[in-house]
Amino acid sequence: MTDGASLDPSELDQASFELVRRGFDPLPVKRTLQHAAAVIRELRRERDVLAARVAEGEAVLSEPLEAHRVAEALGAEATQVLEAAHAAAAERAERAEREAEAIRAEALATADTTRAEAIAAREETLAAAERDAEEVAEDGRQRGREMVNEAQAVRERMLSDLARKRQTGRAQVEQLRAGRDRLLESLTIAQQSLDAAVKDLVDSVPEARAEAERAGLRIANELTPTVETMEAEIEAARLVGHPLVDGIAAPGSAGDLDDEPDPAFVTAEMEALTHVAEALEPSTEAEFAAGEGADADDDERVDDEHDDPSGPDAPPPAEATESESSETEADEPESTGDAVDDLFARLRGDRNDDPEAESEEAPQPDAESESEPEAEKEVFASTDPNQALRARAESVATRALKKVLVEEQSTLLDGVRRSGSDAIAVVVADADAHAAPYESAIDAAFDEIIEAVGGDAGTRQAGYEQLRSVALDPVRSRLLEVAEHSDDADELSDTVRGLYRESRSRRLPMAAAAAVSAVISPARE
249 MTDGASLDPS
259 ELDQASFELV
269 RRGFDPLPVK
279 RTLQHAAAVI
289 RELRRERDVL
299 AARVAEGEAV
309 LSEPLEAHRV
319 AEALGAEATQ
329 VLEAAHAAAA
339 ERAERAEREA
349 EAIRAEALAT
359 ADTTRAEAIA
369 AREETLAAAE
379 RDAEEVAEDG
389 RQRGREMVNE
399 AQAVRERMLS
409 DLARKRQTGR
419 AQVEQLRAGR
429 DRLLESLTIA
439 QQSLDAAVKD
449 LVDSVPEARA
459 EAERAGLRIA
469 NELTPTVETM
479 EAEIEAARLV
489 GHPLVDGIAA
499 PGSAGDLDDE
509 PDPAFVTAEM
519 EALTHVAEAL
529 EPSTEAEFAA
539 GEGADADDDE
549 RVDDEHDDPS
559 GPDAPPPAEA
569 TESESSETEA
579 DEPESTGDAV
589 DDLFARLRGD
599 RNDDPEAESE
609 EAPQPDAESE
619 SEPEAEKEVF
629 ASTDPNQALR
639 ARAESVATRA
649 LKKVLVEEQS
659 TLLDGVRRSG
669 SDAIAVVVAD
679 ADAHAAPYES
689 AIDAAFDEII
699 EAVGGDAGTR
709 QAGYEQLRSV
719 ALDPVRSRLL
729 EVAEHSDDAD
739 ELSDTVRGLY
749 RESRSRRLPM
759 AAAAAVSAVI
769 SPARE
């Protein structure tokens, strides 16, 4: 501890200490030192005053006086006063020393306490900072682990989704492959059956021609019926209403003198065999190719006649057949083969004239039921002047709607993976918002129709209503129903894929056709 005599108050006033991080506050320390210096200065002043007084007394009493002599000189009372003054001076000096020591000790204690508090505060602050840093680091590590876990979960979900898609794709590929194999097998069997039938037909042609010639010779060798017999048979057929005698005039009429007798009828089997025999007769390759081209032209002509029997420039089948028969009879020499060819031509004409009788003789309900829609389509195509415009508009509308459907399906599947059934409600809850992109996509087809045949906003709205009722409303209702009963992402994804696959393959083409018809029909009226 510093001696009180060597402690200078001015040094305490001017003392400076090195500033360190987290140290004592310099202002309180400065004030404490200034107070200690003032106290020490006051004590020293009192000590100096007392010392001066003592020196004065010692100077006066240069020689020590004995008590009795002092008492004698000053008297007993003065002696007591002097002793009391000495005692008071000694006591005050001692008290000043004690107070100075106490103040110095208190200052040192205060400094030690302040230093200890500062050190404790520093340690506490460091500990709090370390705890905060540890908490921040732990929080960061926890968030990192959560992000890693979330990324792992997303990766697993994506892998499971890809695995399910791959499994579905493999199943579809296997189904298509099995269907292809089955179709190839059926096609092979059908080809084999067709080859066998053609081979049997080719093999049976010579025998059939021989049988036909023998039958012709047998009929030729029979007795020729008389005119009376023929007239009796014709009259009997007329009485029963036979269609073959409708064009024959009654006996004795003017028609008997002008009309030529009809040639004999042959069966359709004989006609087919004759055509096959003509195609298979030995000739040069050029003649065989020419024969095939002629047969193909005949088949195309027959198909054209069946496709458009009511054309304005096409002659009736019977008249065309009769004209062909007359030309054949005029150009070719009369022989047995030419007569048979003429009969075949007449037979083809009769079969073309009477398709109903042919269908009555060989009823095929399945073929008729399948041919009726085709006939209706042909009639509709012939009576609809805007068929090309309709087909083009339907194609454009279907492609545009499918593009919007694919985008909506991707958005919906992504939303289902993220938020489950809530994504379905967000996408399809509002009917107008749901239908808006589809209506914008189909506007191009509607604009083309309205520009070509006319129309207004009412016809466009009718097309929108058809689009909603056929394609959009059923899908929306089904999606909302599934969203209410299930929240499983996999089940919802499978349902969305099934519904949108059905819409893409069936509903959207039907909706496009209905919408185009709704826009074209009022415009035509």
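Sequential numbering from 249 applies to the sequence shown in the numbering used here.
The C-beta atom is built at its ideal place from N, Cα and C for all residues, glycine as well.
Everything numeric in this text was worked out from a predicted model, so none of it was measured.
Going by CA-CA distance only, name the one from R343, R457, A348 that's closest to S285. To locate residue 285, count along the sequence shown from 1; it is residue 37. The displayed chain sequence assigns Ala, not Ser, to residue 285. Nearest C-alpha to A285: A348.
How many Å lie between R666 and I437 at the Cα? As a working mapping, residue 666 is identified with position 418 in the sequence shown. As a working mapping, residue 437 is identified with position 189 in the sequence shown. Cα to Cα, R666 sits roughly 52 Å from I437.
Let me make sure I understand the geometry here. Which of V329, T280, E371, G392 has the alpha-carbon closest to that of A359? If you number the sequence shown from 1, residue 359 lands on position 111. The option with the nearest alpha carbon to A359 is T280.
Express the C-alpha separation of A344 and L275 in angstroms, rounding to a whole number. Walking along the sequence shown from the start, residue 275 turns up at place 27. Walking along the sequence shown from the start, residue 344 turns up at place 96. If you take the alpha carbons of L275 and A344, they lie about 28 Å apart.
Run through DSSP, which three-state label would P757 get? Position 509 of the sequence shown, counted from the start, is the residue given in the question as residue 757. Residue state, collapsed to three classes: helix.
Alpha carbon to alpha carbon, what distance is there between L720 and R640? On the sequence shown, position 392 is the one that residue 640 refers to. On the sequence shown, position 472 is the one that residue 720 refers to. Near 22 Å, if we compare the C-alpha coordinates of L720 and R640.
Output the boundary residues of the alpha helix (DSSP H) element that contains S643. If you number the sequence shown from 1, residue 643 lands on position 395. Going by DSSP, S643 is part of the alpha helix (DSSP H) stretching over 635-667.
Suppose you measure from the CA of S619 to the CA of A463; what does that come to, to the nearest Å? The residue labelled residue 619 in the question sits at position 371 within the sequence shown. The residue labelled residue 463 in the question sits at position 215 within the sequence shown. Caution is warranted here: a pLDDT of 44 is assigned to S619, below 50, making its placement in the model unreliable, and the coordinate value is therefore given only provisionally. So the two alpha carbons sit approximately 37 Å from each other.
May I ask you to report which of helix, strand or coil DSSP gives A468? For the purposes of this step, residue 468 is identified with residue 220 of the sequence shown, where counting begins at 1. Of the three classes helix, strand and coil, the one that applies to A468 here is helix, per DSSP.
Does DSSP put P473 in a helix, a strand or coil? Looking up residue 473 in the sequence shown gives position 225. Note: P473 maps to coil in three-state DSSP.
Given a threshold of 16 other Cβ atoms within 10 Å of its Cβ, counted over all protein chains shown, does S408 qualify as buried or as exposed? For this step, residue 408 is matched to residue 160 along the sequence shown. Exposed is the call here.
When the distance is taken between beta carbons, is V652 closer than 9 Å to P685? Counted from its first residue, the sequence shown places residue 685 at position 437. Counted from its first residue, the sequence shown places residue 652 at position 404. At the C-beta level, P685 and V652 come within 9 Å of one another.
Any idea what DSSP makes of D678, helix, strand or coil? Position 430 of the sequence shown, counted from the start, is the residue given in the question as residue 678. Here DSSP, grouped into helix, strand and coil, assigns D678 to coil.
Using the beta-carbon count (16 or more within 10 Å), is S669 buried or exposed? As a position in the sequence shown, residue 669 is number 421, starting the count at 1. Buried, because 16 or more other Cβ atoms sit within 10 Å of the Cβ of S669.
Taking one C-beta from the region 730-744 and one from the region 683-700 each time, how about it: are there three or more such pairs within less than 8 Å? Touching, no, given that fewer than three Cβ pairs across the two stretches are closer than 8 Å.
Is there a Cβ from chain E that is less than 9 Å from the Cβ of L715? The structure shown contains no chain E, having only a single protein chain.
State the Cα-Cα distance for the pair I672 and L728, rounded to the nearest angstrom. Working through the sequence shown from its first residue, we reach residue 672 at position 424. Working through the sequence shown from its first residue, we reach residue 728 at position 480. Cα to Cα, the separation comes out at about 7 Å.
Taking 8 Å as the cut-off, does the region 287-294 touch the region 356-375 (at least 3 CB pairs, one atom from each stretch)? no
Looking at the secondary structure, which residues open and close the alpha helix (DSSP H) in which V730 lies? By one-based count along the sequence shown, residue 730 stands at place 482. 721-733 is the span of the alpha helix (DSSP H), which, as asked, contains V730.
Buried or exposed for T646, please, with buried defined as at least 16 other CB atoms from any protein chain shown within 10 angstroms of its CB. The sequence position of residue 646 within the sequence shown is 398, counting from 1. Per the 10 Å Cβ criterion, buried.
Could you have a look at D736 and say whether DSSP puts it in helix, strand or coil? In the sequence shown, residue 736 corresponds to position 488, counting from 1. In the structure shown, D736 sits in coil (DSSP, three-state: anything other than H, G, I, E or B).
Starting from the Cα of A300, find the closest Cα among V676, E331, A341 and give me that residue. Taking the first residue of the sequence shown as position 1, residue 300 is located at position 52. Between A300 and the set V676, E331, A341, the nearest pair of CA atoms involves A341.
Between the Cα of V767 and the Cα atoms of R755, G702, A737, which residue gives the shortest distance? On the sequence shown, position 519 is the one that residue 767 refers to. For the residues R755, G702, A737, the minimum Cα distance to V767 belongs to G702.
Quick check on this structure: which residue in V421, D662, D695 has the alpha carbon closest to the alpha carbon of V644? As a working note, residue 644 is residue 396 in the sequence shown. Residue D695 is the option with its Cα nearest to V644.
Assign S246 to one of two classes, buried (16 or more other C-beta atoms within 10 Å of its C-beta) or exposed (fewer than that). Limits of the chain in this structure are 249 at one end and 773 at the other, which puts residue 246 out of reach.
Determine the direct distance from the alpha carbon of A710 to that of A648, and round the result to whole angstroms. Working through the sequence shown from its first residue, we reach residue 648 at position 400. Working through the sequence shown from its first residue, we reach residue 710 at position 462. So the two alpha carbons sit approximately 18 Å from each other.
Contact set for A762: own chain, Cβ-Cβ below 7 Å, skip 5 residues either direction: For this step, residue 762 is matched to residue 514 along the sequence shown. The beta carbon of A762 is closer than 7 Å to those of Q714, V718 in its chain, skipping five residues each way along the sequence.
Report the residue from Q415, R708, D273, R352 whose alpha carbon sits nearest the alpha carbon of R363. Translated into the one-based positions of the sequence shown, residue 363 becomes position 115. Taking only the C-alpha atoms, the option nearest R363 is D273.
Is it right to say E656 is buried, meaning 16 or more other beta carbons lie within 10 angstroms of its own, or is it exposed? On the sequence shown, residue 656 is found 408 positions in, with the first residue counted as 1. Burial call: buried.
Going by C-alpha distance, which of E404, V654, G427 is nearest L756? If you number the sequence shown from 1, residue 756 lands on position 508. Selected option, being the one with the closest Cα: V654.
Looking only at C-alpha atoms, which of H283, R638, E331, Q282 sits nearest to G305? Numbered from 1 along the sequence shown, position 57 holds the residue referred to as residue 305. Among H283, R638, E331, Q282, the Cα nearest to that of G305 is on E331.
Around the Cβ of T707, are there at least 16 other Cβ atoms within 10 angstroms (buried) or fewer (exposed)? The residue labelled residue 707 in the question sits at position 459 within the sequence shown. The residue is buried, with at least 16 neighbouring Cβ atoms inside 10 Å.
In the DSSP assignment, find the alpha helix (DSSP H) that holds G702 and state where it starts and stops. Within the sequence shown, residue 702 is the residue found at index 454, counting from 1. Taken as a continuous stretch (DSSP letters only), G702 belongs to no alpha helix (DSSP H), as it is neither H nor E.
Given this structure, state the Cα-to-Cα distance separating A760 from R724, to the nearest angstrom. Taking the first residue of the sequence shown as 1, we reach residue 760 at position 512. Taking the first residue of the sequence shown as 1, we reach residue 724 at position 476. Those two C-alpha atoms are separated by around 18 Å.
Spatial neighbours of Y748 within its chain, please: C-beta separation below 7 Å, excluding the five flanking residues on both sides. Position 500 of the sequence shown, counted from the first residue, corresponds to residue 748. Excluding residues within five positions, the ones whose Cβ falls inside 7 Å are L653, Q657.
Rounding to the nearest angstrom, what Cα-Cα distance links R638 and P722 in this structure? Here residue 638 is taken as the residue at index 390 of the sequence shown, counted from 1. Here residue 722 is taken as the residue at index 474 of the sequence shown, counted from 1. If I take the Cα positions, the gap works out to 25 Å.
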